[in-house]
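Colleague: One structure coming up, written as structure tokens, with questions to follow.
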Amino acid sequence: LARTEPRRRTTAGRAKTQTPPPRSRPPNPGPRDRSARARRARSRAGGEEESSTARARRLSKRRNRKTRSGGGASIVAMSGFGEGPLGTKLHQSATAVKYPKPTRVKNKTSAQVQITAEQIVREAKERQEETYKAPKQKIQDAEELAEYRLKKRKEFEDLIRRVYWNEAVWVKYAKWEESQKDFPRARSVWERALDHNYRSHSLWLKYAEMEMSHKFVNHARNVWDRAVKLLPRVDQFWYKYIHMEEMMGQIQNARMIFERWMNWEPDHNGWNAYIKMETRYKEWDRVRKIYERYVQCHPSVKAWVRWAKFEMSQREVAKAREVYELAVESVEREVDADALYVKFAQFEELCKEPERARAIYKYALDNLPKEKAQAVYQNFMTFEKQYGNEAGIDDAVLGKKRVEYEDEVRKDPTNYDAWFDYTRLEENAGEIEKAREVYERAIANVPPATAKQFWRRYIYLWINYALFEELEAGDLERAREVYRECLKLIPHKVFSFSKIWVMASQFEIRQKRLDAARKILGLAIGLAPKDKIFKVYIDMEMQLGNVDRCRTLYQKHLEIAPHNCFTWEKFAELENSLGETERARAIFEIAIARPVLDMPEVLWKAYVDFEIGEGERARARDLYERLLDRTQHVKVWMSYAQFEAAPMSAA
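If you're matching positions, the sequence shown starts at 1 in the UniProt record's numbering and goes up one per residue.
Take a look at the structure:
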């Protein structure tokens with residue numbers, strides 16, 4: 001009451017005087033007296049009783065405030081138990097947090113109806129609150145709009161500074177500027193993105209699509225023009241550019257763009273698109289001129305056939321036939337020339353000209369190699385089932401080919417290509433005796449000059465003859481005789497062919513005559529010591545496990561060619577693979593001491609790698625020092641530095 005009344009008087013007297021009367025502070029009462037007085041004062045002032053809930057809340061707040069300000073200690077002190085164990089217990093009991101007692105389960109038997117995990121999850125899902133959605137921001141005036149735009153631009157700029165390489169960020173920024181109808185800023189964003197990566201196809205496409213969607217035609221032209229200049233090999237740019245001009249009705253501009261594109265010689269699709277555009281507007285003369293340029297750029301069967309089909313669609317049979325004739329002259333030696341002959345013959349069949357079609361098929365069979373004429377042959381058989389018989393075809397084709405080949409070899413007996421075709425014809429016909437006769441006649445035409453380039457094709461006649469006797473005729477003795485006669489005929493003092501030596505030895509190996517194979521290879525080393533012969537001989541002995549023979553062969557090879565670094569390296573690798581480290585090291589030392597080597601850097605590198613592989617770091621370092629005494633090449637220094645930088649455990 002003493003605290004409440006002066007306050008009421010002070011409040012009432014403020015209207016009369018500006019300075020309130022001085023308040024006398026009563027002595028500090030105890031906690032119980034103070035709370036009781038406050039309750040009575042509130043009861044008299046308010047005239048209403050507070051609820052039990054409000055009272056409990058108020059008392060709880062007051063108790064907490066007392067606890068924080070040391071009220072608990074004052075209570076203990078007032079009670080006379082400020083010190084000692086009893087006071088401490090009272091203080092702990094006043095400030096301790098009280099937890100509810102655990103519930104004891106009286107009946108632990110399982111219930112009749114069990115709750116499943118699915119039921120729990122379903123109930124949790126049903127009671128789950130909806131996802132929080134941020135409120136929509138409504139812009140009321142221009143100032144708020146400007147603030148929003150400034151904020152978004154700052155966010156985009158900060159994001160670009162962090163991930164400028166991410167195209168999606170640039171695209172999102174530009175599309176946002178586009179949504180704000182600020183097209184100059186959107187263009188600025190696109191230009192900045194292209195400065196970072198002008199090779200991105202999607203950036204150019206989306207930039208141009210923005211300009212076209214808002215009908216900025218000149219800007220779109222500018223974008224497409226820059227795109228096709230910087231990336232002329234991207235066909236999609238050209239297609240989009242031309243499509244835009246055509247949709248605008250600017251056919252002349254589209255034609256000019258096509259002409260620019262054709263200067264880059266695009267693939268078949270580009271030329272076909274140009275032709276289709278001119279066809280839509282029925283510019284037939286232009287189409288023919290485009291086809292002429294098309295077949296000059298791509299002289300393939302596809303281009304010629306398209307041109308001929310176009311002429312057929314215009315009912316120009318004579319022009320279509322002329323196109324096919326030009327195509328035959330142009331793609332006679334192409335890979336897919338057989339398809340052209342088939343199309344030409346089918347065209348003649350369509351025009352009801354079976355004799356012309358038959359002549360085309362025969363011409364194709366006469367001029368195409370056997371392996372390329374399978375499709376022609378199949379179509380010819382189909383054609384003859386309608387207009388002729390198969391037996392007559394085979395006889396006619398074989399007879400005609402024999403006459404042609406006989407005429408060619410009569411004119412030039414050393415035309416070995418004709419002999420190859422002739423022998424292949426007889427082999428495919430299945431007549432062994434005739435094929436053998438042709439081979440004997442072919443190998444009788446020895447080249448007149450003793451130069452190796454004239455003998456290369458001739459030797460392959462002997463090789464084919466031997467393989468024919470072994471594989472087709474099955475006469476092994478005759479095949480062995482062919483190899484023997486061929487080796488006698490070659491002037492080994494002038495030149496030799498290691499291939500024929502190797503094939504003769506492999507023939508004997510296939511017949512399980514190792515002694516004969518060794519004899520042939522030994523004779524080859526004596527007459528024509530070549531690297532390939534030594535390699536084949538050593539590989540054969542290694543497969544047989546004759547290590548001593550391999551060492552002997554390597555020594556023989558090094559006596560003949562001591563400058564061959566490859567042989568030194570392989571010899572050392574052989575010894576190293578056998579665990580003879582010291583022998584391998586000695587071979588390397590002898591090799592690098594040679595005054596003349598064909599590739600010394602390879603040998604030194606192999607030696608260094610050998611020592612590194614053995615874990616001899618000191619020896620490897622010594623090798624580098626010795627090598628640097630001989631050469632100061634920068635690669636040696638770099639290799640040395642890398643060697644020193646690489647960790648390596650000492651042996």
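C-beta atoms are modelled at their ideal positions from N, C-alpha and C, and glycine is treated no differently.
Please report the distance separating the alpha-carbon of Val163 from that of Ile587.
Modeller: C-alpha separation (whole angstroms): 59 Å.
Colleague: Tell me the residue span of the alpha helix (DSSP H) that contains Leu350.
Modeller: Taken as a continuous stretch (DSSP letters only), the alpha helix (DSSP H) holding Leu350 covers 337 to 350.
Colleague: Report, in whole angstroms, the separation of the C-beta atoms of Tyr537 and Leu558, which I expect to be a contact under 8 Å.
Modeller: With a Cβ gap of about 14 Å, Tyr537 and Leu558 do not count as contacting.
Colleague: Quick one: grab the DSSP three-state call for Glu485.
Modeller: Reduced to three states, the DSSP call for Glu485 is helix.
Colleague: Would you check if the segment 156 to 170 and the segment 133 to 144 touch, i.e. whether three or more CB-CB distances between them fall below 8 Å?
Modeller: With a cut-off of 8 Å, the segment 156 to 170 and the segment 133 to 144 do not count as touching, because too few Cβ pairs lie within range.
Colleague: Hey, would you say Tyr294 sits closer than 8 Å to Trp261, going by beta carbons?
Modeller: No.
Colleague: Between the beta-carbon of Asp336 and the beta-carbon of Ala364, is there less than 8 Å?
Modeller: Not in contact: Asp336 and Ala364 (Cβ atoms no closer than 8 Å).
Colleague: For the putative contact between residue 652 and Met277, defined by C-beta atoms under 8 Å, what is the C-beta separation to the nearest angstrom?
Modeller: With the chain covering 1 to 651 only, the question about residue 652 has no answer from this structure.
Colleague: Per DSSP, what kind of secondary structure is Val596 in: helix, strand or coil?
Modeller: Three-state DSSP puts Val596 in coil, outside helix and strand.
Colleague: Please return the same chain residues whose Cβ sits closer than 8 Å to the Cβ of Lys346, not counting the five positions on each side in sequence.
Modeller: Residue 346 is actually Gln in this sequence, not Lys. Counting only Cβ-Cβ distances below 8 Å, and skipping sequence neighbours, we find Ala357, Asn379.
Colleague: Cutting at 8 Å between CB atoms, please list the residues of its own chain near Ile533, excluding the five before and the five after it.
Modeller: For Ile533, where only same-chain residues beyond five positions count, the Cβ hits under 8 Å are Ser498, Trp501, Val502, Leu521, Ala524, Ile525.
Colleague: Spatial neighbours of Ala606 within its chain, please: C-beta separation below 6 Å, excluding the five flanking residues on both sides.
Modeller: Answer for Ala606: Glu569, listed in chain order.
Colleague: Using alpha carbons as the reference points, say which of Pro354, Arg122, Lys519 lies closest to Lys385.
Modeller: With distances taken between Cα atoms, Lys385 lies closest to Pro354.
Colleague: Mark Gln310 as exposed unless 16 or more other C-beta atoms lie within 10 angstroms of its C-beta, in which case mark it buried.
Modeller: Correcting the residue identity first, residue 310 is Phe in this sequence and not Gln. By the neighbour-count rule (16 or more Cβ atoms within 10 Å), Phe310 is buried.
Colleague: Quick check on Ile490: does DSSP put it in helix, strand or coil?
Modeller: Correct three-state label for Ile490: coil.
Colleague: Mind pulling the alpha helix (DSSP H) runs of 4 or more residues that sit fully within the segment 276 to 313?
Modeller: Runs found: 284 to 297, 301 to 313.
Colleague: Can you tell me the Cβ-Cβ gap for Val608 and Ala620, rounded? I've got them flagged as a contact below 8 Å.
Modeller: Contact flag correct, Cβ pair sits at about 5 Å.
Colleague: For the alpha helix (DSSP H) containing Lys108, list its first residue and its last residue.
Modeller: That residue, Lys108, is in no alpha helix (DSSP H); it is neither H nor E in DSSP.
Colleague: Tell me which same chain residues have a C-beta within less than 7 Å of the C-beta of Thr450, skipping the five on either side of it?
Modeller: Excluding positions up to five away in sequence, the list reads Pro491, Val494.
Colleague: Ser505 and Leu527 - do their beta-carbons sit closer together than 8 Å?
Modeller: Their beta carbons are not under 8 Å apart, which means Leu527 does not touch Ser505 by this criterion.
Colleague: Are the segment 411 to 420 and the segment 457 to 476 touching, with three or more C-beta to C-beta distances below 8 Å?
Modeller: Cβ pair count under 8 Å is three or more, so yes.
Colleague: Would you mind reading off the limits of the alpha helix (DSSP H) that contains Arg162?
Modeller: 142 to 162 is the extent of the alpha helix (DSSP H) around Arg162.
Colleague: Below 8 Å on the Cβ atoms is my guess for Val342 versus Val376; work out the distance and round it to an integer in Å.
Modeller: Correct: roughly 6 Å between the Cβ atoms.
Colleague: Is it buried or exposed, Val121, if we count other Cβ atoms within 10 angstroms and call 16 or more buried?
Modeller: So Val121 counts as exposed.
Colleague: Here's the rule: buried if 16 or more other CB atoms are within 10 angstroms of the residue's CB, otherwise exposed. What is Trp264?
Modeller: Trp264 is exposed by the Cβ-count criterion.
Colleague: Buried or exposed, going by whether 16 or more other CB atoms sit within 10 Å of the CB of Ser300?
Modeller: Looking at its Cβ environment, which holds 16 or more other Cβ atoms inside 10 Å, Ser300 is buried.
Colleague: Roughly how many angstroms lie between the CA atoms of Arg149 and Arg288, to the nearest whole one?
Modeller: Between Arg149 and Arg288, the C-alpha separation is close to 57 Å.
Colleague: Whose C-beta lies closer than 6 Å to the C-beta of Phe216 among residues of the same chain, with five residues either side of it excluded?
Modeller: Hits under 6 Å: none found.
Colleague: How many angstroms separate the CA atom of Asn218 from the CA atom of Lys372?
Modeller: Near 54 Å, if we compare the C-alpha coordinates of Lys372 and Asn218.
Colleague: With DSSP as the reference, label Arg122 as helix, strand or coil.
Modeller: Three-state result, Arg122: helix.
Colleague: Quick one: give me the first and last residue of the alpha helix (DSSP H) that Pro184 is part of.
Modeller: Run containing Pro184: 183 to 196, per the alpha helix (DSSP H) assignment.
Colleague: So what does DSSP say about Asp503, is it helix, strand or coil?
Modeller: Correcting the residue identity first, residue 503 is Met in this sequence and not Asp. Three-state DSSP puts Met503 in a helix.
Colleague: Measuring alpha carbon to alpha carbon, tell me which of Gly613, Tyr274, Lys282 ends up nearest Tyr291.
Modeller: The candidate whose alpha carbon is nearest that of Tyr291 is Tyr274.
Colleague: Asp412 to Asn445, Cα distance in whole Å?
Modeller: So the two alpha carbons sit approximately 10 Å from each other.
Colleague: For my contact list, Phe610 and Tyr624 are in at a C-beta cut-off of 8 Å; report their separation, rounded to the angstrom.
Modeller: Actually they do not touch by this definition, with Cβ atoms about 13 Å apart.
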